[in-house]
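The sequence shown begins at 2 in the working numbering and counts up one residue at a time.
Virtual Cβ for every residue (Gly too), placed ideally from N, Cα, C.
None of these values were measured; they are calculated from a predicted model.
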Amino acid sequence: MHERLIKAAATFGASALLTLTGLSLPAVAAPPDGGGVCGQNSDTWVSVCADDSTQQNGSTGESGQSGKKGNTKPVPQPCVVQKMSPQPPAGSDLWEGHKPGDGAIYTRICPAGVAGAQAAGAIVLPFQTFWAATAPTAAVDPRILAQQAVDKMLLAGPAIDINPRPGGKGLVGMPVWMAADQSQTTWGPNSASASAGGVTVTATAKVSKVVWDLGDSTTVTCTGPGTVYKKSYGLKESPDCGHVYTQPSSEQQGGKYQVTATSTWTIDWQVNGGGETGQLTEVRQSNVELTIVESQAVNS
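Here is the structure:
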């Protein structure tokens, strides 16, 4: 294929050769709703956009009562299919035996692939040239639609329900009960759909676990929402999500333990009507502060 690319560069002149060897790509607008003509951004390119499974770094938020914390994960980036303008002259090998006017010559460009190759020190020509009888239609990557559906859900951090209550005081050696109140945005299930180019993807999210950082170098992982404390339970320990502090919080910053609850959302998605399925993961956080004192301090 490299020979064909060099011939294409020779056909269109030195500027095209510079584009090939320098891996410089023309700026192209993002495809609207997964398809259509992206617009003409120079006198060389007429753009027809298509999505591809190429990956790039994106971000997903971790949000909670104390704000948002970001982490990165790969998300799909579209490749671009472009019609050559002007088209190669008659007799060019790029026509693959066809005549001008009988279909057209297109190039397929994947910018993310070029960046990855450059980072690895490789020299890669990112263009794939091909003849087509009709303009290629834009393909919709269902993973992009799945992420758009997730964004509609407004997933939040755990709705913390903990005993002793924030603002009150707990005792060293006494059970702490941790729970997360269940709602559509804080626990799930939560469902949403997104559509583009005749494709609809539905995603359903539910919290699969909550990791509690108790602020005393202890973490507790709970695979369920936990049990909300009631006075009738007395001094029992939580049956499924609890902790016991062995030191008062007086030595902590502000005299309180910083408690962070991190929920992991597991999201299953599928293309409506059958077909491709997949799974995504999102993480969210919420925070509270607890005051823990020695028992004798309360009795004095």
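Task: Limits of the unbroken beta strand (DSSP E) element including P176 - done: As a position in the sequence shown, residue 176 is number 175, starting the count at 1. Counting along the chain, the beta strand (DSSP E) containing P176 begins and ends at P176 to D182.
Task: Closest residue to N288 among V294, T263, D269 and N273 (Cα-Cα distance) - done: On the sequence shown, residue 288 is found 287 positions in, with the first residue counted as 1. Nearest C-alpha to N288: T263.
Task: Simplified DSSP assignment, three categories, for R144 - done: In the sequence shown, counting from the first residue as 1, residue 144 sits at position 143. If DSSP states are grouped into helix, strand and coil, R144 belongs with the helices.
Task: Inter-residue CB distance, L172 and V294 (contact presumed, cutoff 8 Å) - done: The sequence position of residue 172 within the sequence shown is 171, counting from 1. The sequence position of residue 294 within the sequence shown is 293, counting from 1. Yes, they are in contact, since the Cβ atoms of L172 and V294 sit about 7 Å apart, within 8 Å.
Task: Per-residue DSSP class, three states only, for A173 - done: As a first step, residue 173 is located in the sequence shown; it is residue number 172 there, counting from the start. Rather than Ala, the amino acid found at residue 173 in this sequence is Val. Three-state result, V173: coil.
TODO: Please confirm whether T186 and A157 have their CB atoms less than 7 Å apart.
DONE: The sequence position of residue 186 within the sequence shown is 185, counting from 1. The sequence position of residue 157 within the sequence shown is 156, counting from 1. Contact flag set, yes.
Task: Contact between the segment 264 to 282 and the segment 197 to 205 (3+ Cβ pairs under 8 Å) - done: yes
- [ ] Give me the Cβ distance between W188 and V208, rounded to the nearest whole Å; I'm assuming they're in contact under 8 Å.
- [x] Taking the first residue of the sequence shown as position 1, residue 188 is located at position 187. Taking the first residue of the sequence shown as position 1, residue 208 is located at position 207. Right, their Cβ atoms sit about 5 Å apart.
TODO: Count the CB pairs spanning the segment 279 to 286 and the segment 216 to 234 that are closer than 8 Å, and state whether there are at least three.
DONE: Flag = no, the segment 279 to 286 and the segment 216 to 234 do not touch.
Open item on the list: Using 8 Å as the cut-off, can you tell me whether the segment 161 to 181 makes contact with the segment 222 to 233, which would need three or more C-beta pairs spanning the two stretches below that distance?
Closed with: yes
TODO: Could you please give the first and the last residue of the uninterrupted beta strand (DSSP E) stretch that includes Q83?
DONE: Here residue 83 refers to the residue found at position 82 of the sequence shown. Counting along the chain, the beta strand (DSSP E) containing Q83 begins and ends at V81 to M85.
Task: Run of the alpha helix (DSSP H) containing S287, from where it starts to where it stops - done: Taking the first residue of the sequence shown as 1, we reach residue 287 at position 286. That residue, S287, is in no alpha helix (DSSP H); its beta strand (DSSP E) goes T278 to L291.
- [ ] Whole angstroms is fine: what's the gap from S250's alpha carbon to P226's?
- [x] Here residue 250 refers to the residue found at position 249 when the sequence shown is read from its first residue. Here residue 226 refers to the residue found at position 225 when the sequence shown is read from its first residue. Those two C-alpha atoms are separated by around 25 Å.
Open item on the list: Shorter than 6 Å, the distance from the beta carbon of G158 to the closest heavy atom of the ligand ATP, or not?
Closed with: With respect to the ligand ATP, the structure offers nothing, as it holds no ligand at all.
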